[in-house]
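Below you'll find the structure, written out as structure tokens, and then a few comments.
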Amino acid sequence: MKKIKGLLFQLLKGMSEAIIRFPLTIVCLVGVATLVCYTIALDQSPPIIIEKLVYTFLVSAVLGMAAQFAVERFMKLSALRLPVYGLALVLGAGYFLILWPVPEINAEISVRTLIAVFALICAVLWIPAYKKKADFNEVCLIHFKTLFISILYSVVLSAGLAAIMASIDVLLFNIHHDAYSYMLTVVWILFAPTYYLSLLPRFLSKTEDDVMKLQTAKNYPKFLSVLVSYIAIPLVGIYTLVLLAYFIKILITWHWPSGQLGPMVLIYSAAGLVILVLASLLSNRFAVLYYKIFPKVLIPVVVLQLVSVGIRLNAYGVTESRYYVALFGIFSIIIGVLLSIKPVTRNSMIALLAAVLAIVSIIPPVDAFTVSRVSQINRLERILASENILSDGKIIPQANASEETKIETTNILNYLDRHSSLQYISWLPPDFQIYSDMKNVFGFDPTYPLDVAQDRYFVAVLDNQKPLIISGYDIGLTAFSYPGQEDQTYNFSLDGLNYVLNISRQSEREVSISVKDPAGTELIGTNLSEFAWKLKEEKKNNRESLAPDDMTLEIKKGEYKLKIVFQQINLNFDDNKNDFMADYSMMIFFGHEKK
Numbered sequence: 000m001k002k003i004k005g006l007l008f009q010l011l012k013g014m015s016e017a018i019i020r021f022p023l024t025i026v027c028l029v030g031v032a033t034l035v036c037y038t039i040a041l042d043q044s045p046p047i048i049i050e051k052l053v054y055t056f057l058v059s060a061v062l063g064m065a066a067q068f069a070v071e072r073f074m075k076l077s078a079l080r081l082p083v084y085g086l087a088l089v090l091g092a093g094y095f096l097i098l099w100p101v102p103e104i105n106a107e108i109s110v111r112t113l114i115a116v117f118a119l120i121c122a123v124l125w126i127p128a129y130k131k132k133a134d135f136n137e138v139c140l141i142h143f144k145t146l147f148i149s150i151l152y153s154v155v156l157s158a159g160l161a162a163i164m165a166s167i168d169v170l171l172f173n174i175h176h177d178a179y180s181y182m183l184t185v186v187w188i189l190f191a192p193t194y195y196l197s198l199l200p201r202f203l204s205k206t207e208d209d210v211m212k213l214q215t216a217k218n219y220p221k222f223l224s225v226l227v228s229y230i231a232i233p234l235v236g237i238y239t240l241v242l243l244a245y246f247i248k249i250l251i252t253w254h255w256p257s258g259q260l261g262p263m264v265l266i267y268s269a270a271g272l273v274i275l276v277l278a279s280l281l282s283n284r285f286a287v288l289y290y291k292i293f294p295k296v297l298i299p300v301v302v303l304q305l306v307s308v309g310i311r312l313n314a315y316g317v318t319e320s321r322y323y324v325a326l327f328g329i330f331s332i333i334i335g336v337l338l339s340i341k342p343v344t345r346n347s348m349i350a351l352l353a354a355v356l357a358i359v360s361i362i363p364p365v366d367a368f369t370v371s372r373v374s375q376i377n378r379l380e381r382i383l384a385s386e387n388i389l390s391d392g393k394i395i396p397q398a399n400a401s402e403e404t405k406i407e408t409t410n411i412l413n414y415l416d417r418h419s420s421l422q423y424i425s426w427l428p429p430d431f432q433i434y435s436d437m438k439n440v441f442g443f444d445p446t447y448p449l450d451v452a453q454d455r456y457f458v459a460v461l462d463n464q465k466p467l468i469i470s471g472y473d474i475g476l477t478a479f480s481y482p483g484q485e486d487q488t489y490n491f492s493l494d495g496l497n498y499v500l501n502i503s504r505q506s507e508r509e510v511s512i513s514v515k516d517p518a519g520t521e522l523i524g525t526n527l528s529e530f531a532w533k534l535k536e537e538k539k540n541n542r543e544s545l546a547p548d549d550m551t552l553e554i555k556k557g558e559y560k561l562k563i564v565f566q567q568i569n570l571n572f573d574d575n576k577n578d579f580m581a582d583y584s585m586m587i588f589f590g591h592e593k594k
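Numbering of the sequence shown is given in numbering that gives the first Met the number 0, commencing with residue 0 and proceeding in unit increments.
Structure below.
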């Protein structure tokens, strides 16, 4: 018990010291936690101002970390802690003012914020190692260890508290389900970051306690040494061989990939550099060979990746994802060259260069979003001009434009619309809407490519703008059926007689619809798969909505008749195209001719 009390005392003492050491960061984390708890209590989407404040507090929290490490690193700033924190507050307030006029937190704002936070984290890693005052590799190791420990503690704490709350809920009294959300908010937004900060030593302090804490923090755990040396490094080596074999295949066939290579090499480069920093503190043979060889191997791998990206950029223009893949490729080549010349000692350049390029990527006019928008607008103008749809800044509608032009125009306009960038196209009418205005403006409707695996899919949709003829039928209902669905039964009466409508799923493709009398005798019925297959053969992959006559199945048996009008049919074929799964959405009408 005494030992547990001692551990709790040390934990609380460390967290108290972290609050004093990183006051701005802690205050901002409290602000985030408070706003998240308020949002949970609302039980609905929060006002936009709440989202803006959450983003501002998150950015300011990391700014507070960077400010504190700057104060600790530079002697001239140690006496100017308040002004440095004041500058951090001004930057945080400036970020809020940037967000203030925006109507929503869209993907662009989220990405810009994420990149800015990433740059600040790189600065946090780099500042203590500026001019080799601290070992960059040790700084990274300490942050890696403390992050892992804080996550582990938080997972255990979350699981334990959730179990206790569940026990109270079952055994004693009911606990509102929101209580779990409040608990997780406190653990992961307040406890986890604060505990993480409490484990970080003062890297340049000369006091005895701080020196001892630093020595303890930079000890390399045995399990991590084994993980890096004998698991991570061999895996990277095998992955490298796979990439090199693939590049040899490309050089032989001269068939370049269609886009999947960029993310694969990006992950390879990022993981490889993290492992390189961790391996730089080890002296075993695997580690030494790795940080000598990896930077040199990285260069040709990334060069071929950039060639692949260049082909995509030339064909389809710049998008945010291609921008960052290309930017990371440039970063990887520069780092590969630097580390090939002076390995280990230049590792701090990884964080510095990453921070610089990250900031560049969010500052107009060379940021990812501006460059991508300009690239796609220019590409759209070239495509339209090639078919005389756009001439001297004016649009000339062309109903007979090529299929490729229709598809590419639709794709680019959708891309620009998703990024709220249609306003930057001067020759488009104001308030242009793709789905309602495209035919009037360009002469053709939005056009989409057939699925790459078009033989495996078929979709037929009813044209709801055309009227249905239902004369001669007495009753109708709307139903749907999908694979695995249980049978559906509907009881109804007509002219004093009772009937049972049954929709039964026979298989993944087959559905049986029947009307029976109360004794269970089938009066009329039909299966659906034959009609669906026939429609697929007739219409292939027609993009247009189909008329009611095309989507109607009618059956007559004696004095009874059944009419099924399909609202949508979805078929998913197997690899051999001889079997399929089917989803049906339909309206069912039943009629009884009186004798």
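Note that CB positions come from ideal geometry on N, CA and C, so glycine has one too.
Exercise for the section: Using three-state DSSP, classify E536 as helix, strand or coil. Expected result: In the structure shown, E536 sits in a helix (DSSP, three-state: H, G or I).
Handout entry: Residue span of the alpha helix (DSSP H) that contains R381, given as start and end
Key = According to the DSSP assignment, R381 belongs to the alpha helix (DSSP H) that extends over 367–385.
Exercise for the section: Check whether the segment 358–376 touches the segment 391–407, counting contact only when three or more Cβ pairs, one atom from each stretch, lie closer than 8 Å. Expected result: With the cut-off at 8 Å, the segment 358–376 and the segment 391–407 do not touch.
Problem - Range covered by the alpha helix (DSSP H) that runs through G236 - result: For G236, the uninterrupted alpha helix (DSSP H) segment begins and ends at 232–252.
Problem - Chain-order list of residues whose beta-carbon lies under 7 Å from that of I382 (same chain, five-residue window excluded) - result: Counting only Cβ-Cβ distances below 7 Å, and skipping sequence neighbours, we find T404, E407, T408.
Problem - Test: V210 CB closer than 8 Å to a CB of chain D - result: Considering every chain present, this structure includes no chain D. It has just one protein chain.
Handout entry: Separation of T184 from S584, as counted between CA atoms
Key = Separation of S584 and T184 (C-alpha to C-alpha, rounded to the nearest whole angstrom) is 42 Å.
Practice task
Report the three-state DSSP secondary structure of Y583 (helix, strand or coil).
Solution key: Residue state, collapsed to three classes: strand.
Handout entry: Rounded separation between S224 and L281 - CA only
Key = For S224 and L281, the distance between alpha carbons rounds to 7 Å.
Handout entry: 3-residue-minimum beta strand (DSSP E) runs that sit fully inside the segment 494–523, ordered along the chain
Key = Entirely contained in the segment 494–523, the beta strand (DSSP E) runs reaching 3 residues are, in chain order, 496–504, 510–515.
Handout entry: Pairwise C-alpha distance: T369 and L356
Key = When rounded, the distance between both Cα atoms is 16 Å.
Practice task
Ignore the nearest five residues each way along the sequence and tell me which others in I120's own chain have a CB closer than 7 Å to its CB.
Solution key: Excluding residues within five positions, the ones whose Cβ falls inside 7 Å are V61.
Handout entry: Beta carbon of V186 nearer than 8 Å to that of S149
Key = Contact: no.
Problem - Identified DSSP bridge partners for E553 - result: Partner(s): K562.
Handout entry: Cut-off 6 Å between Cβ atoms - residues of its own chain near L277, not counting five sequence neighbours on either side
Key = Around L277, the same chain offers V227 as residues with beta carbons nearer than 6 Å, after the five sequence neighbours per side are excluded.
Practice task
Could you please give the first and the last residue of the uninterrupted beta strand (DSSP E) stretch that includes I474?
Solution key: 474–480 is the span of the beta strand (DSSP E), which, as asked, contains I474.
Practice task
Determine the direct distance from the alpha carbon of F479 to that of V564, and round the result to whole angstroms.
Solution key: Pairing V564 with F479, the inter-Cα distance amounts to about 11 Å.
Practice task
Classify I395 as helix, strand or coil using the three-state DSSP reduction.
Solution key: Of the three classes helix, strand and coil, the one that applies to I395 here is coil, per DSSP.
Problem - Where the alpha helix (DSSP H) through A158 begins and ends - result: Start and end: 135–170.
Exercise for the section: Whole angstroms is fine: what's the gap from Y481's alpha carbon to P200's? Expected result: Y481 and P200: Cα-Cα distance of roughly 59 Å.
Handout entry: Cβ neighbours of Y181 in the same chain (closer than 7 Å, five flanking residues each side left out)
Key = Excluding its 5 nearest sequence neighbours in each direction, Y181 has C-beta neighbours in its own chain below 7 Å: C36, I39, listed in chain order.
Problem - Check whether I512 and L522 have beta carbons under 8 Å apart - result: It is not a contact, given that the beta carbons lie outside the stated cut-off.
Exercise for the section: Give me the Cβ distance between Y219 and L156, rounded to the nearest whole Å; I'm assuming they're in contact under 8 Å. Expected result: Actually they are not in contact, since the Cβ atoms of Y219 and L156 sit about 26 Å apart, beyond 8 Å.
Handout entry: Residue span of the beta strand (DSSP E) that contains F457, given as start and end
Key = Counting along the chain, the beta strand (DSSP E) containing F457 begins and ends at 456–460.
Practice task
Counting only the same chain and skipping the five closest in sequence on each side, list residues whose C-beta sits under 7 Å from that of E380.
Solution key: Once the five neighbours on either side are set aside, the close Cβ partners of E380 are L389.
Problem - L96 (DSSP reduced to helix, strand or coil) - result: Here L96 sits in helix by DSSP.
Problem - Nearest residue (CA-CA) to S425, options D391, F330, P396 - result: The shortest C-alpha separation from S425 is found at D391.
Practice task
Measure how close the beta-carbons of V308 and G328 come, nearest whole angstrom, since I'm counting them as under 8 Å.
Solution key: Contact between V308 and G328 is confirmed by a C-beta separation of about 7 Å, below the 8 Å threshold.
Handout entry: Euclidean distance between Cα positions of E402 and T446
Key = Rounded to whole angstroms, E402 to T446 spans 8 Å at the Cα level.
Exercise for the section: Just grab the DSSP bridge partners of H176 for me. Expected result: Note: H176 sits in no beta bridge, so no partner.
Problem - Buried/exposed call for W125, threshold 16 Cβ in 10 Å - result: Residue burial annotation: W125 is buried, with at least 16 other C-beta atoms found within 10 angstroms of its C-beta.
Handout entry: Member of I247, A581, D462, L461 whose CA lies at the smallest distance from the CA of R504
Key = Checked all of I247, A581, D462, L461; the closest Cα to R504 is A581.
Problem - Sequence-distant residues of the same chain with beta carbon closer than 6 Å to A216, five excluded per side - result: Contacts found: I141, P200.
Problem - Rounded separation between E485 and L500 - CA only - result: If you take the alpha carbons of E485 and L500, they lie about 14 Å apart.
Practice task
Could you check if Y195 is buried or exposed, using at least 16 other CB atoms within 10 Å of its CB as the buried criterion?
Solution key: By the neighbour-count rule (16 or more Cβ atoms within 10 Å), Y195 is buried.
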